[in-house]
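Inspection log for the structure reproduced underneath, given as structure tokens.
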Amino acid sequence: MVAGVVAGVGGYFAGSTAAPPKTIRETVTVKETVTVTQTVTVATTPATITTPAPAVTFEGVTVNVACMAGGPEGPHSSVLYYFKDEWERLTKAKLNVIEIPFGELHEKVLTDAVTGAGVYDVAKICATSLGDLVVGGYVIPIDDFMKDPRFPKWNPDDVPEPVR
Numbered sequence: 000m001v002a003g004v005v006a007g008v009g010g011y012f013a014g015s016t017a018a019p020p021k022t023i024r025e026t027v028t029v030k031e032t033v034t035v036t037q038t039v040t041v042a043t044t045p046a047t048i049t050t051p052a053p054a055v056t057f058e059g060v061t062v063n064v065a066c067m068a069g070g071p072e073g074p075h076s077s078v079l080y081y082f083k084d085e086w087e088r089l090t091k092a093k094l095n096v097i098e099i100p101f102g103e104l105h106e107k108v109l110t111d112a113v114t115g116a117g118v119y120d121v122a123k124i125c126a127t128s129l130g131d132l133v134v135g136g137y138v139i140p141i142d143d144f145m146k147d148p149r150f151p152k153w154n155p156d157d158v159p160e161p162v163r
């Protein structure tokens, strides 16, 4: 046993005559999903968006819009309230939102059109009411308005196809 220890220590100090160990390199691909959450801070310059004023203003004009009642948070009327202030600022006209209960909307808009009373300048109606208004000739195509340079430009492709 003492001889083994002496031989081991002697071999250690003398160096090993054995071949150096082989390094085996192996690439193993493990397929698994790894989620990494990282917070990145990017320094940016805030963009300035300038909305040009229309060439023509409509100061003193009031536009009466009939729509389904629901108030500023309603599913049909909210869009009118949402854009009202900005629209009035840009056009200098007044937007009068006239809310009508669902059960009366079709009848009131159609009666206004048939009698020519002119209570409503615009009607935001249900699609089911459109047929009576088109057949009666009360719907005005907007093509001429879109070509008129006095009016702000917009792209009809920005509007969903069923609404165009």
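For the sequence shown, position 133 (counting from the first letter as 1) is numbered 132 according to numbering that gives the first Met the number 0, and the numbering increases by one without interruption.
From the three backbone atoms N, C-alpha and C, an ideal C-beta is built for every residue, glycine too.
Assuming the contact rule is C-beta atoms closer than 8 Å, residue i and residue j should be a hit. Round their C-beta distance to whole Å, please.
| i | j | result |
| --- | --- | --- |
| F144 | T90 | Contact flag wrong, Cβ pair sits at about 14 Å. |
| V62 | D120 | 5 Å |
| R149 | V55 | 5 Å |
Within a Cβ cutoff of 8 Å, which residues of the same chain sit near residue i, ignoring the five residues on either side of it in sequence?
| i | result |
| --- | --- |
| L79 | V64, C66, L94, V96 and K123 |
Run the CB neighbour count on residue i, radius 10 Å, all protein chains shown included, and call it buried at 16 or more, exposed below.
| i | result |
| --- | --- |
| V5 | Per-residue confidence for V5 stands at a pLDDT of 36, beneath the threshold of 50, marking its modelled position as unreliable; the derived number appears in the next sentence. Counting Cβ neighbours within 10 Å, V5 comes out exposed, since fewer than 16 surround it. |
| I139 | exposed |
| A164 | With the chain running from 0 to 163 in the structure shown, residue 164 is simply not present. |
| L129 | exposed |
| V158 | exposed |
Return the chain-ordered list of same chain residues with a C-beta closer than 7 Å to the C-beta of residue i, the five sequence neighbours on each side being excluded.
| i | result |
| --- | --- |
| S76 | C66, M67, A68, G69, G70, V96 and E98 |
| V118 | N63 and D111 |
I'd like the list of long-range same chain contacts for residue i, defined as Cβ closer than 6 Å, with 5 residues on each side in sequence excluded.
| i | result |
| --- | --- |
| F101 | M67 |
Item to check | Cβ pair count under 8 Å reaching 3, the stretch 126-138 against the stretch 64-78 | outcome: Taking one beta carbon from each stretch, the stretch 126-138 and the stretch 64-78 have fewer than 3 pairs nearer than 8 Å; the two do not touch.
Checklist entry - Considering only residues of the stretch 50-107, which uninterrupted beta strand (DSSP E) runs meet the minimum length of 3 residues and lie entirely inside it, listed in chain order? => result Fully enclosed beta strand (DSSP E) runs of 3 or longer: 61-67 and 93-99.
Checklist entry - Unbroken beta strand (DSSP E) runs of length 3 or more, entirely within the stretch 111-142: which are they? => result The stretch 111-142 contains these whole beta strand (DSSP E) runs: 121-123.
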